[in-house]
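Participant:
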Amino acid sequence: MTATRCLIVDDDSDILESVRNYLSGFGMSCTGARSGREMRAALAEQVFDVVLLDLMLPDENGIDLCKWLRTSSQLPVIMLTAQGDPITRVLGLEIGADDLVGKPFDPRELVARIHAVLRRTRPNGARSSLRADVEQFHGWSFDRVRRLLVSPQEVAVPLSGAECRLLCAFLDNPRRVLSRRELLDLTRVGDTHINERGIDLAVSRLRQKLGAQPGSSFSIATIRGEGYMLDTR
Numbered sequence: 103m104t105a106t107r108c109l110i111v112d113d114d115s116d117i118l119e120s121v122r123n124y125l126s127g128f129g130m131s132c133t134g135a136r137s138g139r140e141m142r143a144a145l146a147e148q149v150f151d152v153v154l155l156d157l158m159l160p161d162e163n164g165i166d167l168c169k170w171l172r173t174s175s176q177l178p179v180i181m182l183t184a185q186g187d188p189i190t191r192v193l194g195l196e197i198g199a200d201d202l203v204g205k206p207f208d209p210r211e212l213v214a215r216i217h218a219v220l221r222r223t224r225p226n227g228a229r230s231s232l233r234a235d236v237e238q239f240h241g242w243s244f245d246r247v248r249r250l251l252v253s254p255q256e257v258a259v260p261l262s263g264a265e266c267r268l269l270c271a272f273l274d275n276p277r278r279v280l281s282r283r284e285l286l287d288l289t290r291v292g293d294t295h296i297n298e299r300g301i302d303l304a305v306s307r308l309r310q311k312l313g314a315q316p317g318s319s320f321s322i323a324t325i326r327g328e329g330y331m332l333d334t335r
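As numbered in the working numbering, residues 103 to 335 make up the sequence shown, in order.
1. Please report the straight-line C-alpha distance between F244 and D156, rounded to a whole angstrom.
2. Starting from the N-terminal side, write out each stretch of the alpha helix (DSSP H) that is 4 residues or longer and does not extend beyond the segment 137 to 168.
3. Under the DSSP definition of a beta bridge, which residues are partnered with M130?
4. Cβ of G327 within 8 Å of Cβ of V279?
5. What would DSSP say about V257, mapped onto helix, strand or coil?
6. By alpha-carbon positions, which one of F239, V259, V257 ends up nearest to P276?
7. Would you mind sorting D287 into buried or exposed? The rule is 16 or more other CB atoms within 10 Å of its CB.
8. In the DSSP assignment, what residue or residues form a beta bridge with L109?
9. If I'm right that L202 touches T183 with Cβ under 8 Å, what's the distance once you round it to whole angstroms?
10. Could you check if D208 is buried or exposed, using at least 16 other CB atoms within 10 Å of its CB as the buried criterion?
11. Could you check where the beta strand (DSSP E) with V279 kicks off and where it finishes?
12. CB E265 to CB L303, shorter than 8 Å?
13. For A135, which residues of its own chain have a beta-carbon under 6 Å away from its beta-carbon, when the five flanking residues on both sides are left out?
14. Please state the DSSP three-state secondary structure of F244.
15. Closer than 6 Å by C-beta to V213: which residues in its own chain qualify, once you throw out the five before and the five after it? Chain order, please.
16. Exposed or buried, which one is P260 when buried takes at least 16 other CB atoms within 10 Å?
17. Whole angstroms are fine: how far does the CA of L171 sit from the CA of L273?
18. Looking only at C-alpha atoms, which of D161, V252, I180, D166 sits nearest to G109?
19. Could you check what DSSP says for L125 in three-state terms: helix, strand or coil?
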């Protein structure tokens, strides 16, 4: 089995080396970067399976770097942050981070988070045998791994991480009413807390993107007092 290739981006040399040594003990191949500039250079020269990205760097912040990365790649990103406020954590997920880990963290938890993210973004054989990487429905196509949604008119519809997880939840439960609580459970990442109002906002944004495409043949219906359902007309 090929070793997991991990890019660790952190300006704290002690943390970087500690994480690198620990992950190497689990057979991972680790490269370090101490700034946004070094991260960009490493990505230009090597191929990685996952990026561990610190939120605060000397030249750029992790939010902007993750946003930049998402313009051209779906490489899994786990953000490392000492800022525990919900707004920062939700923002990280909204701009495309796959998970967030708060500092200080248990290295064993970090390893578990890396494995979980790779399972989600790189389906194993069992899952691939049950579901193609690219799903086709009502003229639309959806690539879960690349987070790419394409309309019947072949227009690429960009999705945030939260919108992607929400669409996956609906597609896995066709024509079934999902309560806000169920959607919270199905789309939760790590220990990030999003309330039911956050689900309403995410559904609204996803609904707007789906409805903005001419001839859209499916929508998200509101079932009063119960929740939401993917409605294929």
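Note that CB positions come from ideal geometry on N, CA and C, so glycine has one too.
Facilitator: So, from the data block:
1. For this step, residue 244 is matched to residue 142 along the sequence shown. For this step, residue 156 is matched to residue 54 along the sequence shown. The straight-line gap from Cα to Cα measures roughly 30 Å.
2. 138 to 147
3. What you label residue 130 is simply residue 28 of the sequence shown in a count that begins at 1. None; M130 has no bridge partner.
4. The residue labelled residue 327 in the question sits at position 225 within the sequence shown. The residue labelled residue 279 in the question sits at position 177 within the sequence shown. Going by C-beta atoms, G327 is not nearer than 8 Å to V279.
5. As a working mapping, residue 257 is identified with position 155 in the sequence shown. Coil at V257, not helix or strand.
6. As a first step, residue 276 must be located in the sequence shown, where it is residue number 174. The shortest C-alpha separation from P276 is found at F239.
7. Taking the first residue of the sequence shown as position 1, residue 287 is located at position 185. Per the 10 Å Cβ criterion, exposed.
8. In the sequence shown, counting from the first residue as 1, residue 109 sits at position 7. Note: L109 is bridge-paired with T133, V153 in the DSSP secondary-structure output.
9. Working through the sequence shown from its first residue, we reach residue 202 at position 100. Working through the sequence shown from its first residue, we reach residue 183 at position 81. Yes, L202 and T183 are in contact; Cβ-Cβ is about 6 Å, under 8 Å.
10. Stepping through the sequence shown from its first residue, residue 208 is reached at position 106. Its Cβ having fewer than 16 others within 10 Å, D208 is exposed.
11. To locate residue 279, count along the sequence shown from 1; it is residue 177. Looking at the DSSP string, V279 is not in any beta strand (DSSP E), and its letter there is neither H nor E.
12. Mapped onto the sequence shown, residue 265 falls at position 163. Mapped onto the sequence shown, residue 303 falls at position 201. No, these two residues do not count as a Cβ contact at 8 Å.
13. Locating residue 135 in the sequence shown gives position 33, counting from the first residue. The answer, listed in chain order, is V111, M141, A144.
14. Looking up residue 244 in the sequence shown gives position 142. Looking at F244 - three-state DSSP - the assignment turns out to be strand.
15. In the sequence shown, residue 213 corresponds to position 111, counting from 1. Only F128 meet the Cβ criterion.
16. In the sequence shown, the residue the question calls residue 260 occupies position 158. Exposed, by the Cβ-count rule.
17. Residue 273 sits at position 171 when you count from the first residue of the sequence shown. Residue 171 sits at position 69 when you count from the first residue of the sequence shown. Taking the straight line joining both Cα atoms gives about 27 Å.
18. Along the sequence shown, one-based indexing puts residue 109 at 7. The question names Gly, but residue 109 in the sequence shown is Leu. Selected option, being the one with the closest Cα: I180.
19. For the purposes of this step, residue 125 is identified with residue 23 of the sequence shown, where counting begins at 1. In this structure, L125 counts as helix in the three-state DSSP scheme.
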